[in-house]
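In full-length UniProt numbering, the protein residues as written are 1 to 124.
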Amino acid sequence: MHDIRKRIATYDEMIDLCQQYILEIKDHEWQDSTFLLFVEKWDQLKESISSADAGVLTKEERNQEAVRCQTLQVLYQSIIDRIERQISQLGSQVQGVRQSKTIMNAYQGMGRVDQVAYYFDEKK
1 MHDIRKRIAT
11 YDEMIDLCQQ
21 YILEIKDHEW
31 QDSTFLLFVE
41 KWDQLKESIS
51 SADAGVLTKE
61 ERNQEAVRCQ
71 TLQVLYQSII
81 DRIERQISQL
91 GSQVQGVRQS
101 KTIMNAYQGM
111 GRVDQVAYYF
121 DEKK
């Protein structure tokens, strides 16, 4: 019975962690450090769930665990969706930088004074 309470408490911690992270990414711009802290804490909690022995659970305990797992799935999916949007935005920004670089390379030297052109004409 003690193990199931510990598992339920760990699920609750994971839910709180996801909710806090969702609020963080809604209120602030993307930060790798915040994401890495989230992942580190998530992995610790996930490991403690995996190592805890579920033993024989009653129907009520299984239902409690299932409800928390469903909540976690919804929260975690919203985090994944946010990360995918961030990756898409970064991809668009990288593409814009590449286009700007191509344009700069194509017109490099136009109007610059420091370049000298050398022409060699052959006389016929």
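Note that the Cβ used here is the ideal one computed from N, Cα and C, for glycine as well. Just so it is clear, the structure is predicted and the values come from calculations on it, not from any experiment.
query = Which whole-angstrom value describes the C-beta separation of residue 68 and residue 15, a residue pair presumed to lie in contact below a C-beta threshold of 8 Å?
reply = 7 Å
ask   = Residue ranges of each alpha helix (DSSP H) run of no fewer than 4 residues wholly in the segment 28-63, ordered along the chain?
value = 32-51
ask   = residue 16 by DSSP, collapsed to three states: which one?
value = helix
ask   = Looking at residue 93 and residue 30, is the spacing between their C-beta atoms short of 7 Å?
value = no
ask   = Since residue 45 contacts residue 17 with CB under 8 Å, what's their CB separation in whole angstroms?
value = 7 Å
ask   = Got a sec? Which residues, its chain only, sit under 7 Å from residue 34 by beta carbon, not counting five neighbours each side?
value = 24
query = Would DSSP call residue 26 helix, strand or coil?
reply = The answer is helix: DSSP assigns residue 26 an H, G or I state.
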